[in-house]
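Just so you know, the sequences run in chain order U and B. Using numbering that gives the first Met the number 0, the letters of the first sequence correspond one by one to residues 0 to 527. Using numbering that gives the first Met the number 0, the letters of the second sequence correspond one by one to residues 0 to 837.
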Amino acid sequence: MSPRPGFILEVDRSTPPTLFWHGERFSMEKLPVGSRVIYAPEPEAALEDPIGAIRHALEHPLGDSPPLSARLTAGMKLTIAFDDISLPLPPMRRPDIRQLVIEQVLDLAAEAGVDDVVLICALALHRRMTAAELRHALGDRIYDAFEPQGLLQQHDAEDPTNLVHLGLTDQGEDVEINKRAAESDLLVYVNINLVAMDGGHKSVATGLASYKSLRHHHNAKVMTHSTSFMDQHKSELHSSNWRMGRLIAAAGVKVFQIETTLNSDTFPEQFRFLQRREWEWSAKDRATYLGASAALDRTPSKLARNIFQSIKAPHRMTSVQAGEVEAVHAQTTANVYRQQLVAVEGQTDILTMGLPYICPYNVNSIMNPILVACLGLGYFFNLYRGKPLVREGGVLIMSHPTPWEFNPVHHPSYIDFFEQVLSQTTDPAEIGKYEESFATDPWYIHLYRTGNAYHGVHPFYMWYWCAHALEHLGAVIVVGGDRAAVRRLGFKPASSMADALEMASDVVGRDPSLTHLHTPPVMLADVT
Amino acid sequence: MPEVQPPPEPPSGGPLPPLAEALAGQRIFITGATGFLGTALVERLLRAVPDCRVVLLVRPTRRLDALARAQREIIRNDCFDRLRSELGTGFADHVAERLEAVAGDVTQDGLGLDEAGRRLLADCDIVIHSAASVAFDSPLDSAVEVNLLGPSRVAAAIKAAAGLRAETHPDRPPTHLIPVSTAYVAGTHQGDASEILATTAMASGARARTHSTVTTEVDIAGEVESARRLRGDLGAESRRPEKLQKFTKQARGDLGAAGTHLLAERAEKFREDWVRAQLVEAGRARAQALGWPDAYAFTKALGERNLVTHHGTLPITVVRPSIIESALAEPVPGWIRGFRMAEPIIVSYARGLLKEFPGVPEGVIDVIPVDLVVAALIAVAAAGPDPSGPTVYQVASGVRNPLRYGQLVGLVQQWFTDHPIYDADGQPIVVPEWSFPGRGRVQRQLERATKGLALAERLLGTLPVRGSRADMVARIEEKRTLAERAHGYVELYGAYTETEARFRVDRLLALSDRMTPEDRAAFCIDPAAVNWDSYVEEIHLPSVVDHARVRTSPGKSVVASRSDRATAAILDPARHLAAFDLENTLLASNVVESYTWLATRHLPVGERAKFTARILREAPSLLALDRRDRGDFLRSFYRRYEGAPAELLRADAWDLFHHLLLAKSFPAGFARVRRHRALGHRTVLITGALDFVVEPLRPLFDEVVCPELGVDAEGRFTGRLDRLPPTGEARALVLAEYAAAESLDLGESIAYADSASDLPLLECVGFPVAVNPEAKLAAIARRRGWHVEHWEKAGGGARPPLPMGPVNLSTSRWWARFEAMLDELGAPGRDRTEESRR
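Next comes the structure, spelled out in structure tokens:
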């Protein structure tokens, strides 16, 4: 049976309440009659033989590339870069796709007699992964073979001795990337393409770049001109990365791109109701929902966080393609769209969304207020192709507890950004003047390089991520959030959905249209 | 039985010449000129009696000689503002011309005068002795030396100079001594108290309990002897080992492990306080045993008797004022010096602290404005001695123009209702309604309150609380201090609101009648001149509130801006250096936790639980040792590292930092360190944590002072320290050395610390900051007005509940078994697919 496509429900009087994520909790909201609820397509079937599919992709590359085995020779210098902890979401059950792919690449390398192999986690300015996280992503065999010899590295964007400047693009953008990767005879990049934004030239040009290079596309101006960054052809973010990627290729860096797609099977059995449509809930689903809600309401939020963070998603590989970057990425994007696209007609006055406990930057951590903003305005708002789901000047209502809490190990600069920058201005164009001092702060650099901290500049990127939405929207309302934290973000706090709708009417008038984005699982609205 | 009253002494003599004329050309010797009454007297003489000269007996201090001290403490007082503006630029010359100061001390025989001083004294026609120990709770021995023996010493000095005076001024009469006493020498007497000396009364046959003054026979020499011996005895008693132990324990309770010197200093202070308290108690007990309310009235009364008994042949006129309060008119209405008896009570009342004060509403509260007393002294001096022998004038209002206690309370209450003072939050304080309860009930109430608060404070003080909870302990301490003070007021002054003696002023009024009408206006001594309503409301209370430095305007701004000001001062680029303690100042962890984390890191799961449990069992004894002596604790604790592989631990310490210490850090603290660096201040970390543990923090600091463990040839820690941990005074010393080497000024430096054991460090800088202070430091910071910061852990840190190294789940056999079991059971979320079994 083929999976059902995405679905748009029109709320009538008999519609059961709609599930809203609320951080580590949920709520059921009765939406006004006439509202639309967008449901993601059901998970596609997984590849039956993922290993075979990987081997096939490596031997039958797309675009202008010989098979991988033909590009591996004894005595060569091989570097395998892979996506970091921010993908996939939630982290997948063992074995992780990275492990499956890299094991096959390493087998081929071993057959070819390649012995200079280094694995690099393509962190960009993200936090370094912990040993346990690396083990999870790569599997024990690879970890134990590479880590003790120092051959499992994490990209260090602040190590001047291990960066190389490859030149400027025709737009004057610096291209500075990891030296080992750039100077290898072959760079294999292993992607997990959870959403359409991932992969392509962005893999190397962003994942292995330095601050000097990243700042050209990670800024307010570029982000407001990426509408959306899930749509490569209308995304300035991608244009910049493509220019850089082509320069990297022109500079002689040989990249063998491997991209993989996942189905949207996001939650394990006991949370399966989260990806079902409410009116189809079985008695068991309803019971688990009630049980889970009641239990979570009585659970201290720290424990609830631990429970959710330990969820390993059952999602599985639906496709794998390898070869030349652009050809591979075109195929990957098509595959992602196949799983995620939902056709939506017309924009809405009010867009509602329930924000879950996780975003790319708080795996095994806490979702601080800045990440809440980024998940809602940066990611979910941008889950569109064509036109934004919500009309210009419309209202976004998000549901999340937004606690005034930060993980001091992972997000040290976020704390100061929240205290020192957002207390002054929330305008993405304005905050730029503080960027330099955070980006070059030696303490943040120290924590980024030696610990597990995001780079000092990272909270700025989170805010730039919101730039397009902030410019587009008339108001942002957070339901059930910490009022002080929500206000600091420049949003309006509301205690209930009814209050939020009341407040929204000040902006969009009485009797507005309303659309609810029922995600996760992740989807992409094709708005016409 | 009817009272046997000796006839009141008849007013003697005819009309007086104008006072200024009578005193023209006279030289007047004054003791106690730095006091409230003395200052007013000197001012009045210089301003209103133009042709007299004034000699002040002033005790020189280490830095100021007699004249300099007189200039500084008397002439500069705002009492002289009127004269200063009247004379303009001529003021200094005028004062220099008419005023001399001689070095001396009324507690020494011969007044401690040198030859020139004695010569000057011989030149003086009048001696006004107003030096006194006026505190009602003076220690017995000092009250005896000053109040009891003082007048006799002055008289003896006059006698000793009499020969010289007869030689140099054969034409002038002997020096007239006017000692200032107190109306309360009448003690607890009820009814009329006449202007008569006890000695005179006794000579005319008065017996105990039948006369208007206390006439108990007292062996004065014996009293003096025993008071002096008591100080010696108590001094010896206070130095006995068990007492010294108690003081040291008390000091430790107060300061914690603050280091030997500070503890010694504090213990010595406790010893001195104890001796003093014993002497105060002895004074009160002795006075009450003999019928006086307190040591002040008691020693003053004996002073009068001793003077007249031994020096009755000298021309002596005693002046006895009642409670002297702010000026009615001279030099300006409301002038007052120092905080006197009624003021603290009034202010405590206005602050709402004194809920009750004992007293009977219809009782008389005998208050007299200072300028009336000064005028009386001048009039008495001008009138000259009574040829029949020593006499007395009382200057009191109770009979002539009584102020009822109920009336006073009503006036005060009304005034503070109209002009409330404000609490720290800017809210007006509502003054309580007094119900005039008995003294016993108020005392019992306050005693209970004091004891309850002290108990709460002790209990809370032993809890390891910090930050805002510690602040609560500090607030309780403040409340307790205030309750104690209120209790003290009631104990001390309660008797004065219940006085039932009526101080007669017949002789004073007769003296007033003898003055010229002009003098009666210019040197008013008639208590009838006071209109109590306007005196209290328009003169006295505004003056008291002015002096009390209380908040008289609403709004919260003052407090907020105080903290802001402190922060601004700390973050001024002009500062030089910022020193930081680590534990509980920058992060909420400690050396035991770090050790346990590191030690369990490579242990199997079962073992690590046992290890942690063992450490937790030891925790109380470790904590006790830490509290006793931090240095000893660290040295003994660090021995546990003996044999540990140094390289491995150095590497592990980075994980320790990133996973435990950083998670427990105070982001605001780190932000502050970095702010200091950005401002160009040097930053120094002073900690007892080991060098490799704090290594990841080095980029924040210019200098890290910490202990270092020795390493043996095999690369294992020896457990002995190569560099000692800086604790207690050593912290201050290290910082001072660093500052000196770098030419930085500690006065321009800031120190951040959390515990009383860091006191030496905090005290050695100009800007001490208490961070999340524990109870003792919170109390100290509150008392000294130090800036306090409350820094918190970030809300979202993942902190292990137990100090254990992280379990590496991927390599843990225990975890693998657990997972296998889960899979076997088909637990929720576990699909038994081949992928999850790979």
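Just so you know, even glycine gets a beta-carbon here, dropped at the ideal spot from N, CA and C.
Sequence-distant Cβ neighbours of Ser511(B) in its own chain, meaning closer than 7 Å and more than five residues away, are Arg519, Ile524, Asp525. No Cβ-Cβ contact shorter than 8 Å links Ser504(U) with Val478(U). Per DSSP, Gln339(U) is not a residue of any beta strand (DSSP E); the alpha helix (DSSP H) it occupies stretches across 324-339.
As the crow flies, the alpha-carbon of Pro402(U) is around 7 Å from that of Gly480(U).
Under DSSP, Pro427(B) takes part in a beta bridge, and its partners are Tyr421(B).
Along the region 650-661 of chain B, the positions whose C-beta sits under 8 Å from a C-beta of chain U are Trp653, Phe656, His657, His658, Leu661, read in chain order.
Non-local C-beta neighbours of Ile310(U) in its own chain, meaning closer than 6 Å and more than five positions away in sequence, comprise Pro89, ordered along the chain.
Contact with chain B is found for Asp415(U), since one of that chain's Cβ atoms lies less than 8 Å from the residue's Cβ. In the DSSP assignment, Trp20(U) falls within the unbroken beta strand (DSSP E) covering 17-21.
Within chain U, the residues Asp415 have their CB atoms less than 7 Å from the CB of Ala670(B), given in chain order. C-alpha of His128(B) to C-alpha of Gly234(B): approximately 31 Å in a straight line. Note: Lys76(U) is bridge-paired with Asp115(U) in the DSSP secondary-structure output.
Sorting Gln70(B), Arg46(B), Trp291(B) by C-alpha distance to the C-alpha of Thr33(B) places Gln70(B) at the top. C-alpha of Val346(B) to C-alpha of Leu570(B): approximately 36 Å in a straight line. The beta strand (DSSP E) runs of length 3 or more contained entirely in the region 566-627 of chain B are, from start to end of the chain, 576-579. Between Glu329(B) and Val543(B), the C-beta gap is not smaller than 8 Å, which leaves the two residues out of contact. Between the beta-carbon of Leu71(U) and that of Val117(U) there is about 14 Å, and that puts the pair past the 8 Å contact cut. In this structure the region 175-191 of chain U touches the region 254-265 of chain U; the number of beta carbon pairs closer than 8 Å is three or more. For His515(U), the enclosing beta strand (DSSP E) stretches over residues 513-517. For Glu404(U), the chain B residues whose C-beta falls within less than 9 Å of its own C-beta are Ala793, Gly794, Gly795, Gly796, listed in chain order.
Contacts with chain U at 8 Å (Cβ-Cβ) do not include Pro419(B). Taking the Cα positions, Pro66(U) is about 16 Å away from Glu325(U). Taking 4 residues as the shortest admissible run, the region 666-744 of chain B contains the following complete alpha helix (DSSP H) segments, listed from N- to C-terminal end: 666-677, 690-693, 728-740. The residues Asn262, Arg315, Met316, Thr317, in chain order, have a CB closer than 7 Å to that of Ala45(U) in the same chain once the five nearest residues on each side in sequence are set aside. Look at Pro40(U): its C-beta is not under 8 Å from any C-beta on chain B.
If you draw a straight line from the Cα of His200(U) to the Cα of Arg384(U), it comes to about 20 Å.
The beta carbon of Val184(B) sits closer than 7 Å to the beta carbons of Thr212, Ala296, Lys299, Ala300, Glu303, Arg319 from its chain, once the five residues preceding and following it are set aside; these are given in chain order.
About 7 Å separates the CB atoms of Val411(B) and Tyr348(B); that is less than 8 Å, so the two are in contact.
Leu55(B) has Ile29(B), Ala100(B) as its beta-bridge partners, per DSSP. The CB of Thr449(U) comes closer than 9 Å to the CB of Trp653, Phe656, His657, Pro695 in chain B, given here in chain order. When Cβ pairs closer than 8 Å are counted between the two stretches, the region 100-115 of chain B is seen not to touch the region 253-270 of chain B, the count staying below three. A distance below 8 Å separates the beta carbons of His680(B) and Ala577(B).
Residue contact with chain B for Trp442(U): present (Cβ-Cβ distance below 8 Å to some residue of chain B).
Counted as a single uninterrupted DSSP element, the stretch harbouring Met352(U) is not any alpha helix (DSSP H) but the beta strand (DSSP E) occupying residues 347-353. Taking Leu469(U) as the centre and dropping the five residues before and after it, the same chain places the C-beta of Leu376, Pro427 closer than 7 Å to its C-beta, in chain order. Three or more Cβ pairs closer than 8 Å define a contact, and the region 337-355 of chain U meets that threshold against the region 367-376 of chain U.
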